[in-house]
Amino acid sequence: MAAIPTSASDITPNWLTDILDADVVAVASENLGEGVGVMGEVTRLALSYGDRSSRHETLIAKTVSPSAQNRDTATTYGFYMREVAFYQQVAHNMDLRVPTCVYADMAEGGDPFIILLEEVTEARQLDQMAGIALADAEGVIDAVVKLHATWWDNPGLDDLTWLPPMNNELYKGYGQVLPDLAALLRQQWGDRLDPVAMPWLDALTRRYTDYLDWFVSSGPLTFCHYDLRPDNILVEPDAVCLLDWQLAVRHRGTFDIAYFLGQNVPTPFRRQHEAALLRRYHDGLESAGVVGYSFDRCWDDYRAGMLMHLVSATQIQLLDGGNDRGQQLLDTMLTQGWQAAADLDAGAFLSSF
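Terminal number for the sequence shown in the working numbering: 538, no gaps in between.
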C-alpha cells in the first residue's frame with residue numbers, strides 16, 4: 186500500500202503513478218483552502234502524463250488540516266474517518282450528486298487520510314460570504330430531500346457503524362467542557378449576541394446531554410450531512426453537488442435545514458424565505474414517500490434544532506479560520522446561528538426535556 190500523504194506537498198508524481206496506475210510525470214498543486222477547508226486542506230492537482238493517457242487532467246485532493254488544533258478536533262471526533270468511509274461505502278449508491286471518488290484511504294483513526302475526487306468543472310461554487318440566491322437555496326433543499334428521504338427511518342442506517350447518532354457518547358462528552366466555554370463566549374462575544382438567548386445557553390450547559398437524547402429520540406432519524414453550508418455546495422446546470430461529508434451523522438432531518446438556514450445564509454434572507462423553504466422540504470419528503478410527518482411537526486423540529494447553534498457557538502469560537510476569510514466565515518456562522526435561535530424562540534423547547 187502507498188504511504189498516505191499528510192499534506193498536499195507529499196502528493197508526488199511517483200505516489201500518483203502508484204495510485205492511478207498511470208505514468209504521472211509532474212503534478213502542480215493549487216491550494217483551494219482560502220477559508221473553505223476549515224477542517225482539512227483542499228488542493229487542486231494538475232497532472233501531466235508521460236503518455237497520451239486519458240486519465241484525469243485535474244483532481245481535488247483532501248488531506249488533514251495544517252492547523253494542529255483543527256486537525257486534533259477532526260481526529261478526536263472521527264471527521265476524517267467518516268468522510269473516507271462515506272466515499273468508500275455509500276457515495277456510489279446514493280441518488281444524490283456527489284463528486285466521483287477516485288481514491289480514498291486513511292490510517293487507523295483517520296489521521297492521516299487522503300481523498301482524491303473528480304474536479305467538478307461545469308459548476309458554480311457558492312460563496313458563503315456573498316450570500317445565496319433563492320433559486321440556489323431551493324436547489325439545495327431539493328438535494329437534501331433526496332438524501333433524507335432515501336434514509337428516512339431506514340434500518341440500513343444501523344449498518345453504517347461509522348455514522349454515529351448525534352447523541353453518541355463522544356458528542357455528549359462535550360457537555361463536560363460546555364460550562365467553561367459558555368462562560369468564555371459570554372465574556373468575548375456577549376456584546377455581539379442577542380441577549381435573549383444567553384439564558385438558554387446557560388440552561389443547556391446543565392442539560393446538554395438531555396437535549397441530545399430528547400431530540401434524537403423524538404422522531405425518525407435519517408442520514409444528515411451536518412455541514413450544509415454554501416462553501417460545501419456546487420451548482421451544476423442540472424444538479425446540486427454536495428461536498429464535504431466529514432461531519433455526517435444519524436439525526437433528525439430538519440437539523441440539516443436548521444444548520445443551512447440558521448448559520449449559513451444571511452439573516453435577512455432566512456427571515457424572508459425560511460417558511461417557504463421549509464414547506465418545500467416537507468412537500469418534497471411527502472412526494473418521495475415519507476408519511477406520518479406533518480408540516481407543523483416539521484416546523485417545530487426545525488425550531489428545536491436551532492438550539493444547537495447556541496452550543497455550536499462555543500465550539501466555533503475556538504476554531505482557527507486559517508486566514509482572514511476563514512475567520513470572517515466562522516464569526517459570521519457564529520452570529521447568524523445565534524440570531525436564528527433567538528428569532529425562532531428556540532428556548533421554548535427547553536421545557537420539553
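Ideal Cβ positions, reconstructed from N, Cα and C, are used throughout, including at glycine.
Keep in mind it's a predicted model, so treat the numbers as computed, not measured.
Is residue i helix, strand or coil when you go by DSSP?
i      : result
Ile204 : helix
Leu503 : coil
Gly192 : First, the amino acid is wrong: residue 192 is Ser here, not Gly. DSSP places Ser192 in coil when its eight states are reduced to three.
Tyr478 : coil
Thr346 : coil
Asn199 : helix
Leu146 : Here the chain covers residues 186 to 538 and nothing more, so residue 146 does not appear.
Leu378 : coil
Ser252 : coil
For the alpha helix (DSSP H) containing residue i, name the first residue and the last one.
i      : result
Ser472 : Thr452 to Ser472
Arg237 : Segment: none, Arg237 is in no alpha helix (DSSP H) and carries neither H nor E.
Ala368 : Leu363 to Trp374
Ala187 : Run containing Ala187: none; DSSP gives neither H nor E here.
Ala443 : Thr439 to Gln448
Tyr359 : From DSSP, Tyr359 is part of no alpha helix (DSSP H); its letter is neither H nor E.
Determine the extent of the beta strand (DSSP E) in which residue i is found, giving its start and end residues.
i      : result
Arg435 : Val434 to His436
Leu244 : Thr243 to Val249
Ser214 : Val209 to Asn216
Residue i and residue j look like a contact to me (Cβ under 8 Å); what is the Cβ gap, rounded to whole Å?
i      : j      : result
Leu389 : Val496 : 6 Å
Glu323 : Arg465 : 6 Å
Ala211 : Pro198 : 6 Å
Leu504 : Asn352 : Incorrect: roughly 23 Å between the Cβ atoms, too far for contact.
Lys331 : Leu281 : 5 Å
Leu515 : Gly522 : Leu515 to Gly522, Cβ: 11 Å. No contact.
Ala193 : Glu226 : 6 Å
Phe440 : Met493 : 7 Å
Q: Starting from the N-terminal side, write out each stretch of the beta strand (DSSP E) that is 3 residues or longer and does not extend beyond the segment 394 to 432.
A: 407 to 409, 418 to 420 and 425 to 427
Q) Can at least three beta-carbon pairs, one atom from the segment 422 to 429 and one from the segment 250 to 267, be found at a separation below 8 Å? A) no
Q | Inside the segment 255 to 341 only - alpha helix (DSSP H) runs reaching at least 4 residues | A | 264 to 274 and 319 to 336
(Q) Assess contact between the segment 294 to 309 and the segment 441 to 450, defined as three or more Cβ pairs (one per stretch) separated by less than 8 Å. Is contact present? (A) no
Q | Minimum length 4: unbroken alpha helix (DSSP H) runs contained in the segment 503 to 537 | A | 509 to 528
Q) Is the segment 405 to 413 close to the segment 361 to 370, with three or more CB pairs under 8 Å? A) no
Q. Per the contact definition of three or more C-beta pairs closer than 8 Å, is the segment 375 to 393 in contact with the segment 409 to 423?
A. no
Q | Meets three-Cβ-pair contact criterion under 8 Å: the segment 387 to 401 and the segment 307 to 320 | A | no
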